[in-house]
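Our numbering applies: residue 2 is where the sequence shown begins, and numbers increase by one. Note that beta-carbon positions come from the ideal geometry of N, C-alpha and C, so glycine has one too. Source: prediction; values computed, not measured. Since the structure comes first, as structure tokens, the remarks are kept for the end.
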Amino acid sequence: MHPSESKQQLRESIIERLAHMSEKDRADESRSICRRLKENIPEGSGVCVYSALKKTEPDLTMLIEKLLKRHFTSPELRGLLLQIWEKRDDYHHLNPNITTDRKDLEFLAKEKLNILNHVER
């Protein structure tokens, strides 16, 4: 089986399992996942976290907050990264309401690149 097929099967299994969970059970499961992940991240390691915040995926908010307390990143850096990430799904999911005006898109791209430049400094 190709890895992409295996990944898709795993996702479908997770979605099916979560569909039958209450909000409390989902929160408990997310807490458990966050605790296990945190235990396995060595102190001082650099970490990049993608938190989907969809009901079909674990909520990693607790892990992110704990990592921030361990000073994996500064609040300023976090804010900048969130600005880069902002409205990403509009383009990723081809939201029909997104602007198609070239000037608006160029402005948005320059804005994101300026933020990225600041993050990289």
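Straight-line spacing of the CA atoms in GLU112 and MET2 works out to 42 Å. Around the Cβ of LEU64, a 10 Å sphere holds 16 or more other Cβ atoms; the residue is buried. Separation of the CB atoms of HIS119 and LEU81 is rounded to 6 Å, and the pair is thereby assigned contact status at 8 Å. If you draw a straight line from the Cα of GLU40 to the Cα of SER14, it comes to about 25 Å. Judged by beta-carbon spacing, LEU19 lies within the 8 Å limit of ARG27, meaning their Cβ atoms are closer than that value.
For PRO76, the uninterrupted alpha helix (DSSP H) segment begins and ends at 76 to 86. By the 16-neighbour rule on beta-carbons within 10 angstroms, PRO43 is exposed. Pairing PRO59 with GLU24 gives a Cβ-Cβ distance that is not under 8 Å.
Just so you know, the alpha carbons of THR101 and GLU87 end up roughly 17 Å apart.
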